[in-house]
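Quick notes on the structure that follows.
What follows is the structure, given as structure tokens:
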């Protein structure tokens, strides 16, 4: 892919590589390969979130007692791609606790960043 450098206005060809994050691997961003900050590992597997919005969507889904699918829901939504153990009613409390733990991690990261400013 050819890109323009904003600093020197030079064009360069840059190779882009993408890989799919496979289950059982470390929690890495699939596009950049960097470790994710909001991660909690447990018995069934890792629970992770990219940011506060991602975390809130998962919390709302896990905490919901009735999960309705729209007419064109398909299998391409973020929530349809959650692992089965995260969606099972018997794991609702455990997954909810782990998501709250991620919220506390996020709060700590935000407070740490605020002290740096």
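In the working numbering, the protein residues as written are 695 to 811.
For glycine and all other residues, C-beta sits at the position ideal for the given N, C-alpha and C.
Item	Value
Just the C-alpha distance for residue 703 and residue 710, rounded to the nearest angstrom, thanks.	20 Å
When the Cα of residue 801 is compared with those of 746, 781, 725, which residue comes out closest?	746
For residue 705, write down the residues that DSSP places opposite it in a beta bridge.	698
Could you tell me the alpha carbon to alpha carbon distance between residue 804 and residue 811, rounded to whole angstroms?	11 Å
Among 699, 784, 733, which residue has its Cα nearest to the Cα of residue 756?	784
Could you check whether residue 793 and residue 751 sit closer than 8 Å to each other, using their CB atoms as the reference points?	no
Going by DSSP, which residues form a beta bridge with residue 722?	729
I'd like the span of the beta strand (DSSP E) that includes residue 741, first residue to last.	740-743
Can you name, in chain order, every residue of its own chain whose Cβ lies under 7 Å from the Cβ of residue 796, other than the five neighbours on each side?	732, 734, 741, 743, 749
Name the two residues that bound the continuous alpha helix (DSSP H) containing residue 811.	Here residue 811 belongs to no alpha helix (DSSP H), and DSSP marks it neither H nor E.
Around the Cβ of residue 708, are there at least 16 other Cβ atoms within 10 angstroms (buried) or fewer (exposed)?	exposed
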